[in-house]
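Quick note: the sequence shown, position 242, residue 241 per numbering that gives the first Met the number 0, numbers continuous. All C-beta atoms, glycine included, are put in the ideal place defined by N, C-alpha and C. The model shown is predicted, which means the values in this text are computed figures rather than measured ones. Okay, so here's the structure we're looking at.
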Amino acid sequence: MNNLQDYDEDDFRSRPGKHKSRPRSKDRPKFENAETGLVITVDRGRFTVHLAKPEEIDIYAVKARELGRKGVIVGDLVEVVGIDTKNPENMARIVKVNERKNSLQKSADDSESIERSLVANIEMVAIVVATSEPEPNPRLIDRTVIAARLANAQPIIIATKTDVESSQKLSEMYQALDIPVVSVNKTSSLAELLDILDGKTTVLIGPSGVGKSTLVNRLVPDAHRRTGVVNDVTGQGKHTSTSAFALKVNKSTWIIDTPGIRSFGLAHATVEEILEGFPDLMQATTLCQKGCSHQDTSCAIEAAAFENPALLPRLDSFRRLLSSLENVDG
Ligand SMILES: Nc1nc2c(ncn2[C@@H]2O[C@H](COP(=O)(O)OP(=O)(O)O)[C@@H](O)[C@H]2O)c(=O)[nH]1
Ligand SMILES: [Mg+2]
Ligand SMILES: [Zn+2]
């Protein structure tokens with residue numbers, strides 16, 4: 000009975016049938032022979048799954064019918080049956096998605112009530128920021144920091160293109176917020192970054208053109224990720240990465256390249272969670288009146304920013320995030 004052949008396609012087809020009731024447990028297949036794999040990319044319903052056993056190999060798989068509409072995303076640990084390493088065109092089947100430790104939520108806008116998950120099971124969110132071309136986008140950085148913290152993942156900043164412009168300003172600004180900043184360019188040493196990444200799964204987040212794929216290709220020399228700037232108007236250069244892709248740096252270290260991401264949904268965040276992304280403003284709020292909306296001139300952050308103008312752009316960013324939450328409720 001412990002044989003992969005026992006779980007062929009017909010098993011799955013015949014299951015729920017016309018009755019909506021769930022199959023009785025004795026009728027359910029047991030997946031004792033399933034192998035656990037890591038979803039490394041998704042392409043129109045086809046998944047590439049990395050297996051550690053019975054050998055290190057990437058295979059293709061589809062979702063078993065039983066899984067229904069359950070989402071499978073990059074970073075998911077899944078149970079796979081029907082593995083035929085000799086004939087890779089024989090798609091394996093994902094029969095179970097193991098419980099996620101966490102996931103990074105993205106959605107088109109904050110009012111979308113159902114958030115979509117981008118990647119699962121990540122320890123670190125690396126916000127990739129070009130020192131120029133394109134210019135740093137502080138609001139996107141703030142949103143990503145908050146999204147990372149909501150997912151219980153550590154945010155870090157990777158400053159790229161330091162050959163074009165120095166990363167000193169970025170470093171000063173974010174290190175003051177306890178966010179590590181690592182600087183790289185196309186030819187710089189990656190030793191410091193490798194040290195930070197070691198033993199973790201890290202997702203690279205940032206808009207198109209900041210150098211994510213270029214960096215991945217250096218970290219994983221046989222990655223062959225496509226690089227280049229996508230022109231939004233003409234679509235030229237559209238050969239760049241279009242879906243998330245996990246790559247193995249070493250035995251216990253994974254890095255996930257993603258396509259350009261412009262925003263994160265924070266629909267489920269609270270004011271307190273947003274404030275966690277602004278440790279530099281947090282101190283001032285101890286002087287706020289009870290129930291302060293932080294939105295008007297009576298807010299103590301405003302008084303603090305009057306003393307220290309460096310806080311003004313931070314207050315602005317904080318308030319924009321707060322008002323995007325209000326739009327959800329209103
Ligand atoms: N000058 C300079 N250009 C870079 C650097 N890193 C990437 N680029 C260029 O920036 C463009 C976008 O890089 P890519 O890796 O595709 O960015 P992605 O969209 O974030 O994946 C490409 O033309 C790269 O050659 C860097 O450190 N210095
Ligand atoms: Mg890319
Ligand atoms: Zn306040």
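1) Along the chain, where does the alpha helix (DSSP H) containing Val144 start, and where does it finish?
2) In the DSSP assignment, find the beta strand (DSSP E) that holds Thr200 and state where it starts and stops.
3) On the DSSP letters alone, give me the boundaries of the alpha helix (DSSP H) that Val215 sits inside.
4) Please determine whether the Cβ atom of Ser323 lies at a distance below 7 Å from any heavy atom of ligand 1.
5) Per DSSP, what kind of secondary structure is Val270 in: helix, strand or coil?
6) Going by DSSP in three states, Ile72 sits in which element: helix, strand or coil?
7) Look up Met90 in the DSSP assignment and say whether it is helix, strand or coil.
8) Compare the beta carbon distance of Ile273 and Leu218 with 8 Å and say whether it is the shorter of the two.
9) Taking 7 Å as the line, does the beta carbon of Ile300 fall inside it for any heavy atom of ligand 3?
10) Quick check: what's the CA-CA separation for Phe305 versus Gly208?
11) In terms of alpha-carbon separation, which member of Ala125, Glu164, Thr130 lies closest to Ala147?
12) With DSSP as the reference, label Arg45 as helix, strand or coil.
13) Which residues bound the beta strand (DSSP E) around Phe335?
14) Between Ala190 and Leu169, what straight-line distance do the alpha-carbon atoms span, to the nearest angstrom?
15) Taking DSSP's pairing of strands, which residues face Thr40 in a bridge?
16) Enumerate, from N- to C-terminal direction, the unbroken alpha helix (DSSP H) stretches of 4 or more residues contained entirely within the stretch 158 to 200.
17) Measuring only from the beta carbon, is Thr284 closer than 7 Å to any heavy atom that is part of ligand 3?
18) If I measure Cβ to Cβ from Leu176 and keep anything under 7 Å in the same chain, skipping five residues before and after, which residues do I get?
19) Does the Cβ of Met172 have 16 or more other Cβ atoms within 10 Å, making it buried, or fewer, making it exposed?
20) Alpha carbon to alpha carbon, what distance is there between Glu34 and Gly234?
21) If you reduce the DSSP assignment to three classes, tell me which class Thr284 lands in.
22) Cα-Cα, which of Glu132, Ser102, Thr284, Asn97 is closest to Pro206?
23) With burial defined as no fewer than 16 other Cβ atoms inside 10 Å of the residue's Cβ, what is the status of Arg313: buried or exposed?
24) Mind checking which residues open and close the alpha helix (DSSP H) that includes Ile56?
25) Taking C-beta to C-beta, are Leu66 and Asn120 nearer than 8 Å?
26) With a threshold of 6 Å on Cβ separation, who are the neighbours of Val144 within its own chain once the five nearest residues in sequence on each side are excluded?
27) For ligand 3, is there any heavy atom lying closer than 7 Å to the beta carbon of His293?
28) Measuring CB atoms only, is the stretch 281 to 300 touching the stretch 248 to 263, in the sense that at least three cross pairs come out at less than 8 Å?
Here's the rundown:
1) Position 145 of the sequence shown holds residue 144. Counting along the chain, the alpha helix (DSSP H) containing Val144 begins and ends at 137 to 149.
2) Numbered from its first residue, the sequence shown carries residue 200 at position 201. Where Thr200 is concerned, the enclosing beta strand (DSSP E) stretches over 200 to 204.
3) Numbered from 1 along the sequence shown, position 216 holds the residue referred to as residue 215. Residues 211 to 218.
4) Residue numbering aside, residue 323 sits at position 324 when the sequence shown is read from its first letter. No; taking the cut-off as 7 Å, the Cβ of Ser323 has no heavy atom of ligand 1 nearer than that.
5) Translated into positions along the sequence shown, residue 270 becomes position 271. Val270 falls in the helix class under three-state DSSP.
6) Translated into positions along the sequence shown, residue 72 becomes position 73. Three-state DSSP puts Ile72 in coil, outside helix and strand.
7) As a first step, residue 90 must be located in the sequence shown, where it is residue number 91. It is coil, neither helix nor strand.
8) Taking the sequence shown and counting its residues from 1, one reaches residue 273 at position 274. Taking the sequence shown and counting its residues from 1, one reaches residue 218 at position 219. Result no, Cβ atoms of Ile273 and Leu218 do not sit closer than 8 Å.
9) Position 301 of the sequence shown, counted from the start, is the residue given in the question as residue 300. Ile300: yes, Cβ under 7 Å from ligand 3.
10) On the sequence shown, position 306 is the one that residue 305 refers to. On the sequence shown, position 209 is the one that residue 208 refers to. For Phe305 and Gly208, the distance between alpha carbons rounds to 36 Å.
11) For the purposes of this step, residue 147 is identified with residue 148 of the sequence shown, where counting begins at 1. Of the candidates Ala125, Glu164, Thr130, the one whose C-alpha sits nearest the C-alpha of Ala147 is Ala125.
12) Sequence index remark: in the sequence shown, residue 45 carries index 46 (1-based). Three-state result, Arg45: strand.
13) Absent from the structure is residue 335, since the part of the chain shown begins at 0 and ends at 329.
14) In the sequence shown, counting from the first residue as 1, residue 190 sits at position 191. In the sequence shown, counting from the first residue as 1, residue 169 sits at position 170. If I take the Cα positions, the gap works out to 20 Å.
15) Locating residue 40 in the sequence shown gives position 41, counting from the first residue. In the DSSP output, where bridge partners are listed per residue, Thr40 has Thr47, Phe244.
16) Every alpha helix (DSSP H) of 4 residues or more that sits fully in the stretch 158 to 200 is shown, in chain order, as 167 to 174, 190 to 196.
17) In the sequence shown, the residue the question calls residue 284 occupies position 285. Under cutoff, so the answer is yes.
18) Locating residue 176 in the sequence shown gives position 177, where the first residue counts as 1. Cβ neighbours of Leu176 beyond the five flanking positions: Pro278, Asp279.
19) Start at 1 with the first residue of the sequence shown, and residue 172 comes out as number 173. By the 10 Å Cβ count, Met172 comes out buried.
20) Taking the sequence shown and counting its residues from 1, one reaches residue 234 at position 235. Taking the sequence shown and counting its residues from 1, one reaches residue 34 at position 35. Because Gly234 sits at a pLDDT of 45, beneath the cut-off of 50, its placement in the model cannot be relied upon, and the point is left open.
21) The residue you call residue 284 lines up with position 285 of the sequence shown. The answer is helix: DSSP assigns Thr284 an H, G or I state.
22) For the purposes of this step, residue 206 is identified with residue 207 of the sequence shown, where counting begins at 1. Closest option to Pro206, Cα to Cα, is Glu132.
23) Counting from one through the sequence shown, the residue named residue 313 turns up at place 314. Buried, because 16 or more other Cβ atoms sit within 10 Å of the Cβ of Arg313.
24) Residue numbering aside, residue 56 sits at position 57 when the sequence shown is read from its first letter. Segment 56 to 62 is the beta strand (DSSP E) holding Ile56; no alpha helix (DSSP H) there.
25) Locating residue 66 in the sequence shown gives position 67, counting from the first residue. Locating residue 120 in the sequence shown gives position 121, counting from the first residue. Not closer than 8 Å, so no.
26) As a working note, residue 144 is residue 145 in the sequence shown. These residues qualify, in order along the chain: Pro154, Gly276.
27) What you label residue 293 is simply residue 294 of the sequence shown in a count that begins at 1. Flag set: Cβ of His293 near ligand 3.
28) The stretch 281 to 300 is not in contact with the stretch 248 to 263.
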